[in-house]
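Engineer:
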Amino acid sequence: MFNIGDHVAALDEDISGVVKEVKKDQVLVETSDGFLMTFFVKELVKMDKSSKLDVFNSGMTLDTVLKEKELPKKRSFVKEKRSRKDEFVLEIDLHIEKLVPSKRGMSNYDILTVQMETAQRQIEFAIKNRIPRIVFIHGVGEGILKAELDFLLGRYDSVVFQDADYQKYGLGATAVYFKQNANR
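Per our numbering, residue 12 is the first one in the sequence shown, and the count goes up by one each step.
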């Protein structure tokens, strides 16, 4: 039973206070907010003074308590598995200065022929060695080399090509992807 001056809390609500009056099965409670409320005896629980949170205050701040309660985050040791072939990108620079020691005495036709032969050799090499991707660096220029390269790549069934990554290569590069058959 409840006595005047007992500290009580309501069972189904977040209300606590002090008993001011007891009548048969009803109790008048002054809440911690200063309101007078009437409850049935079965709706209240008597609280000990030791159950108040003030007793447990040890001078620790809320931040330190929360840090103690926080579970340490588990570190992930799962390593992403990548094939070495997926990381490797064969980059071929088709600028004539990179292909021959000197272009002196070469006509534009000769220069284009050397560039296209180099491109074809590299495509055949990539298909034979199952290299998934090549980037041809052809430069911007007048677009003749790019047009010839597109024509050459269009003759292969297992090839998909597009402009290479602009951030890395700028406008003058073509990325070539090879569709590989597993039973080759």
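Using N, Cα and C, we set each Cβ at its ideal position, and we do this for glycine too.
1. Buried or exposed: which applies to D29, given that a residue is buried once 16 or more other Cβ atoms fall within 10 Å of its Cβ?
2. If we ignore side chains and look at the alpha-carbon of each, how far apart do L105 and D174 end up?
3. Can you say whether K157 is buried or exposed, counting buried as having 16 or more other CB atoms within 10 angstroms of its CB?
4. Among the residues of its own chain, which have a CB less than 6 Å from the CB of E41, if the five just before and after it don't count?
5. So, is I15 buried or exposed, given that buried needs 16 or more other C-beta atoms within 10 angstroms?
6. Decide if N68 is buried, meaning its Cβ has at least 16 other Cβ atoms within 10 Å, or exposed.
7. Take D44 as the anchor and find which of V33, I145 and I26 has the nearest alpha-carbon.
8. Compute the beta-carbon to beta-carbon distance between V111 and F147, rounded to the nearest angstrom, for a pair I have assumed lies under 8 Å.
Structural biologist: This is what the structure gives:
1. Here residue 29 corresponds to residue number 18 of the sequence shown, with the count starting at 1. The sequence given here has Val at residue 29, not Asp. With fewer than 16 Cβ atoms within 10 Å of its Cβ, V29 is classed as exposed.
2. Taking the sequence shown and counting its residues from 1, the one referred to as residue 105 is at position 94. Taking the sequence shown and counting its residues from 1, the one referred to as residue 174 is at position 163. The alpha-carbon atoms of L105 and D174 are separated by roughly 15 Å.
3. Within the sequence shown, the letter at position 146 stands for residue 157. K157 comes out buried.
4. The count along the sequence shown starts at 1 and reaches residue 41 at position 30. Taken in chain order, the residues that qualify are G28, V29, K31 and L47.
5. Taking the first residue of the sequence shown as 1, we reach residue 15 at position 4. I15 is exposed by the Cβ-count criterion.
6. Translated into the one-based positions of the sequence shown, residue 68 becomes position 57. With a pLDDT of only 49 at N68, under 50, the local geometry of the prediction cannot be trusted, and the value read off the model is given with reservation. N68 is exposed by the Cβ-count criterion.
7. Numbered from 1 along the sequence shown, position 33 holds the residue referred to as residue 44. Nearest of V33, I145 and I26 to D44, Cα basis: I26.
8. Against the sequence shown, residue 111 aligns to sequence position 100. Against the sequence shown, residue 147 aligns to sequence position 136. Not a contact, Cβ separation roughly 17 Å.
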